Amino acid sequence: MDISEVRIRPVKGAGRMRAFASVVFGGQFVVHELKVVEGAEGRMFVAFPSKRAASGEYFDIAHPITAEARDRIQQAVLAAYRQHVEAMAAGQVG
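For the sequence shown, position 2 matches number 6 in the working numbering, and the numbering has no gaps at all.
This is the structure:
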């Protein structure tokens, strides 16, 4: 299924987390609460939605099954994030 839309919601003051993202697949299915995170040495990555178990351990509640799908989603989310950051810097987004 193709990625038809990516929505970015920046966050401030949340440590290394830079934004939340929602990804729409084929205009028919959406996954909310992906996280854009700044990792080591400023490298950005996408963390998939997770839930904390009673034991304190976290587990993904939605995630790609293949490395190819993970790469496609991550590339789309990071491109949308960069575009959003550039638009904010240019004063095009409030």
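The beta-carbon is built from N, C-alpha and C at its ideal position, and this holds for glycine as well.
It should be emphasised that the depicted structure is a prediction, and the values quoted were computed from it without experimental measurement.
Residue state for Met92 is assigned as helix, using DSSP reduced to three classes. Under the three-state reduction of DSSP, Val34 is assigned to strand.
If you ignore the 5 residues before and after Val35, its C-beta comes within less than 6 Å of the C-beta of Val27 and Ala66, all in its own chain and listed in chain order. Within the same chain, Cβ atoms closer than 7 Å to the Cβ of Pro68 are found at Arg74 and Ile77, the five residues on either side in sequence being excluded.
The beta-bridge partner set that DSSP reports for Ile7 consists of Phe29. Burial state of Ala23 is buried, judged by a 10 Å Cβ sphere holding 16 or more other Cβ atoms.
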